[in-house]
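Asker: The sequence shown begins at 1 in the UniProt record's numbering and counts up one residue at a time.
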Amino acid sequence: MKTVLAIAEAIRRTLEWIAFASGWLMVIMATVITFDVLARKAGLELPYTKLQELEWHFHAAIFSLWMGYCYTINAHPRVDSLTEHLSLRRKAWIELAGCVLFAMPYVMLVSWYSLDFVAQSYRLNEMSDAAVGLTHRWVLKGIYAAGLWMVVAGILSVLLRVIAFLFGGRPQEEVNLQIGHTVAEV
1 MKTVLAIAEA
11 IRRTLEWIAF
21 ASGWLMVIMA
31 TVITFDVLAR
41 KAGLELPYTK
51 LQELEWHFHA
61 AIFSLWMGYC
71 YTINAHPRVD
81 SLTEHLSLRR
91 KAWIELAGCV
101 LFAMPYVMLV
111 SWYSLDFVAQ
121 SYRLNEMSDA
131 AVGLTHRWVL
141 KGIYAAGLWM
151 VVAGILSVLL
161 RVIAFLFGGR
171 PQEEVNLQIG
181 HTVAEV
């Protein structure tokens, strides 16, 4: 099970690196937003629609590049009020069932079709007239598709941790699960 946990941790670390590296896009996005707001207040005549679309492109890229990592650290939406009274082992079983039956099949299906979405945009040479800097839509769609595949990786990382916890015969203290609480908090 050490190998399973090592793989899970390597996936998590890779997703963390991508997320933190893409965090610098927030600085650029904040600069664009600040410029947009100040230019409006100053009454400058600028293509504000182009600036707003650029802001949305940065927002979509940041969101996409953080999705997978957020899943591994339990920063995704869930309804914990239904499971807060359950033991860690029961939560792990629920996480395992949810990942295997719902999350993984759905996200893999969406991720698979996202590749065609990007390819079709590339083949059509889909462009945006309103864009500042990013005119080729397939680039942004590619970032979103990559984000979806990172969610698949994030789910896989959590699944491996849950499997190690449930079937590895290791004490709870040795396995850091992201299924509602870390083991140290329980």
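Note that beta-carbon positions come from the ideal geometry of N, C-alpha and C, so glycine has one too.
Quantities reported herein were computed from a predicted structural model and do not represent experimental measurements.
(1) Use the C-beta contact count for E84: other C-beta atoms within 10 angstroms, 16 or more gives buried, fewer gives exposed.
(2) Please classify M150: does DSSP put it in a helix, a strand, or coil?
(3) Just tell me which of V152, V27, G43 and K141 has its CA closest to the CA of A103.
(4) In whole angstroms, what separates the C-alpha of K41 from that of T34?
(5) DSSP puts H76 in a beta bridge; with which residues?
(6) With a 10 Å radius around its C-beta and 16 neighbouring C-beta atoms as the bar for buried, classify E95 as buried or exposed.
(7) Note down the Cα distance separating P47 from D36, rounded to an integer number of angstroms.
(8) Relative to the alpha-carbon of A145, which residue among L109, E53, C70 and P77 has its alpha-carbon at the smallest distance?
(9) Specify the secondary structure class of R85 as computed by DSSP and reduced to three states.
(10) In the DSSP output, what is residue 193 paired with across the bridge?
(11) By Cβ distance, which residues of its chain are closer than 6 Å to S111, with the 5 residues on each side in sequence left out?
(12) When the distance is taken between beta carbons, is W66 closer than 8 Å to L166?
(13) Grab me the residues of W17's own chain with a C-beta within less than 8 Å of its C-beta, minus the 5 sequence neighbours each way, in chain order.
(14) According to DSSP, is G142 helix, strand or coil?
Answerer: Based on what the coordinates show:
(1) exposed
(2) helix
(3) V152
(4) 11 Å
(5) H76 pairs with nothing; no bridge assigned.
(6) buried
(7) 10 Å
(8) L109
(9) The residue you asked about is not Arg; residue 85 is His in the sequence shown. H85 falls in the coil class under three-state DSSP.
(10) Here the chain covers residues 1 to 186 and nothing more, so residue 193 does not appear.
(11) L148, W149 and V152
(12) no
(13) none
(14) helix
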